[in-house]
Amino acid sequence: MKVAVIGAGISGVTTAYMLAARGCQVTLIDRADTVAEETSHANGSVVGGTQIEPWATPGLQWQLLKWIGREDAPLLVRWQQLPRIAGWGARFLRNCGHRQFMRNLQTSGRLTRHSLKVFAQLRSDGAVAAQDYALNTHGALKLYQSVAAFEQACTEAETIAALGFDARPVDPDECVAREPGLAPVAATLAGGVLYVDEEIGNCRAFARRLAERLEAQGAELKLRSAVERIERDGDRVTSLGTAEGPIHADAYVVAAASYSAPLLATAGIRAPVIPIKGVTITVPAEPWADAVQGAVMDHSRLFGLIRIGGDLRASGSAEITGYDTRPSAARCDAIIRNVLELFPDFLRCLDTAEQRRWAGVRGNSPDGPPILGATRLRNLFLNIGHGPQGWSTSCGCADLVADCVTGATPAIDMDGLTLARFGG
Ligand SMILES: Cc1cc2nc3c(=O)[nH]c(=O)nc-3n(C[C@H](O)[C@H](O)[C@H](O)COP(=O)(O)OP(=O)(O)OC[C@H]3O[C@@H](n4cnc5c(N)ncnc54)[C@H](O)[C@@H]3O)c2cc1C
């Protein structure tokens, strides 16, 4: 079977790899010069249970009203975007109910557990090695400064643990034992939740390694090729329109992140995915003797500081501002200020000549889980809507989508993961 996959970020590359492993003849298409040039380029790098809570959280709807237009808001919605995201926003707000939140959390948990298994399988098969993508298994620590927030986190950790993730509450001494860089601020901590099995790895390096394998196995990698249209005849896709001419295949997978929505619209498919911008700042860890070893996430200041090989990456921010992927100085500076409040010694790493500032747009679905598998066009499939979790769930999503394309039974229940939940 010939399959064309649109988008060579982590979602498209892993999907192409899984399809090739099932005997398909794959063409992987991207408009960029290289693999993983967009959202998969310099993301937060964390893989596992720390990211499974959907952003549509009980109570968030009231917070959002207060945050609209505020430059320092954790989730900044720009006024001019409101008309463009109205339909998506209404769905997002409907998912802030407790019952919907729990359902979406369980779906994300089920998918992420499956994905971690597929990650491990790819390593044991030799498709990628730990050193190919700077795999770091030191674990992740979520920190809480107020007793009330920590108590609530302990209850939430029980829920996360019940979903199959090793999430344990730890006291400030254990936080410092795990991350000695916290010693100067130990007295300000109420506690933390330790995610022992959390993995950290360079998403772009992983995608590139897998793409090299794919090419070596005979798959076609078509770079600098933007898909402008999806052509259809009745309930089937007939070709992809590009400036270089049409691309024909038996089946087509769209894995173009937030750009999938306008592309799918050319074939009459409505997919509720919008771009939400985030930023990262990457610096060398070496100047700071007690630099973070794994991943530290600060609950009140809403940033992550992550060790990736010899680098530290500060990650955060959520801004609804369309497809603008320039890292704004204000948002980057705000993250750096927050990191310095917790880790004053981070200052040693902040030589501006060595700072790499980056922004990418997550493609968020309104309820949290991604949108995978079949559409009402019989040979068109989706791997989109991953939001803040697309690296964590990449291998699992790819495995499920490859099964959908080839007519095999997916390894986990697809309920809550397909376009059907939005009536598509
Ligand atoms: C600041 C930040 C931190 C994050 N941290 C984490 C984290 O710690 N853990 C985690 O699991 N996830 C994290 N994420 C989310 C994760 O990075 C994304 O979910 C993931 O990279 C999405 O991968 P993708 O392949 O779907 O999209 P992309 O990497 O954006 O790939 C889509 C590809 O499609 C191509 N494309 C688009 N339109 C077309 C077209 N018309 N024709 C041809 N090609 C096209 C693009 O060029 C691009 O290469 C983070 C995201 C951000 C922004």
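Start counting at 1 in the sequence shown, then tack on 15, and there's your number in the working numbering. The C-beta atom is built at its ideal place from N, Cα and C for all residues, glycine as well. In this text, all values refer to a predicted model and were calculated from it rather than measured experimentally.
Next item on the list: For Thr122, count neighbouring Cβ atoms within 10 angstroms of its own Cβ and tell me buried if that reaches 16, exposed if not.
Entry: By the 16-neighbour rule on beta-carbons within 10 angstroms, Thr122 is buried.
Item checked: Val298: CB within 7 Å of a non-hydrogen atom of ligand 1 -> no
Next item on the list: Taking only heavy atoms of ligand 1 into account, decide whether any of them is closer than 7 Å to the Cβ of Glu68.
Entry: no
Note to self: Does the beta-carbon of Arg377, which I'm using as the reference point, lie nearer than 7 Å to any heavy atom of ligand 1?
What the structure shows: yes
Checklist line | Limits of the alpha helix (DSSP H) - the one that Ala276 falls within | finding: For Ala276, the uninterrupted alpha helix (DSSP H) run begins and ends at Ser275 to Ala280, by DSSP.
Notebook entry, point to check: What are the uninterrupted segments assigned as beta strand (DSSP E) that are 3 or more residues long and contained completely in the segment 310-342, given in chain order?
Noted result: Along the segment 310-342, the beta strand (DSSP E) occurs as fully enclosed runs of 3 or more residues at 310-313, 318-323 and 326-335, listed in sequence order.
Check: Any idea if Ser130 is buried or exposed, counting beta-carbon neighbours within 10 angstroms, 16 or more meaning buried?
Finding: buried
Checklist line | Residues bridged to Ser407 (per DSSP) | finding: None, per the DSSP bridge assignment.
Notebook entry, point to check: Among Ile321, Pro261, Pro381 and Arg247, which residue has its Cα nearest to the Cα of Ser240?
Noted result: Pro261
Check: Can you tell which of Ile289, Gly319 and Asp326 has the C-alpha that lies nearest to the C-alpha of Ala304?
Finding: Asp326
Item checked: ligand 1 heavy atom lying under 7 Å from the CB of Thr340 -> Every heavy atom of ligand 1 is 7 Å or more from the Cβ of Thr340, so no.
Notebook entry, point to check: So who's on the other strand from Val208, going by DSSP bridges?
Noted result: Lys157 and Pro184
Checklist line | Rounded C-alpha distance that separates Asp430 from Pro385 | finding: 11 Å
Margin query: Going by DSSP in three states, Phe134 sits in which element: helix, strand or coil?
Written below: helix
Item checked: Nearest-angstrom Cα separation, counted from Ala349 out to Asp188 -> 28 Å
Checklist line | Check: Glu53 C-beta below 7 Å from any heavy atom of ligand 1 | finding: yes
Next item on the list: Would you give the residue range spanned by the alpha helix (DSSP H) that Tyr267 belongs to?
Entry: No alpha helix (DSSP H) holds Tyr267; the beta strand (DSSP E) holding it covers Ala266 to Val269.
Margin query: Between which residues of its own chain and Arg371 is the CB-CB distance below 6 Å, once the five residues before and five after are set aside?
Written below: Thr297
Checklist line | Whole beta strand (DSSP E) elements within the segment 211-254, 3-residue minimum | finding: 235-237 and 242-248
Check: How big is the Cα-Cα spacing for Trp77 and Phe116?
Finding: 16 Å
Next item on the list: Could you tell me if the beta carbon of Ile21 falls within a distance shorter than 7 Å of some heavy atom in ligand 1?
Entry: yes
Notebook entry, point to check: Within this structure, are the beta carbons of Lys292 and Val354 separated by less than 8 Å?
Noted result: no
Notebook entry, point to check: Do the segment 267-275 and the segment 391-406 make contact, defined as three or more Cβ pairs closer than 8 Å?
Noted result: yes
Notebook entry, point to check: Per DSSP, Asn394 is paired with what?
Noted result: In DSSP, Asn394 forms no bridge with anything.
Next item on the list: Output the boundary residues of the beta strand (DSSP E) element that contains Gly388.
Entry: Ile386 to Ala389
Note to self: For Ala286 and Gly439, what's the separation of their Cα atoms in angstroms?
What the structure shows: Answer to the nearest angstrom: the Cα atoms are 7 Å apart.
Checklist line | Through-space distance from Phe318 to Gly441, alpha-carbon basis | finding: Not covered by the structure: residue 441. The range shown for the chain is 16 to 439.
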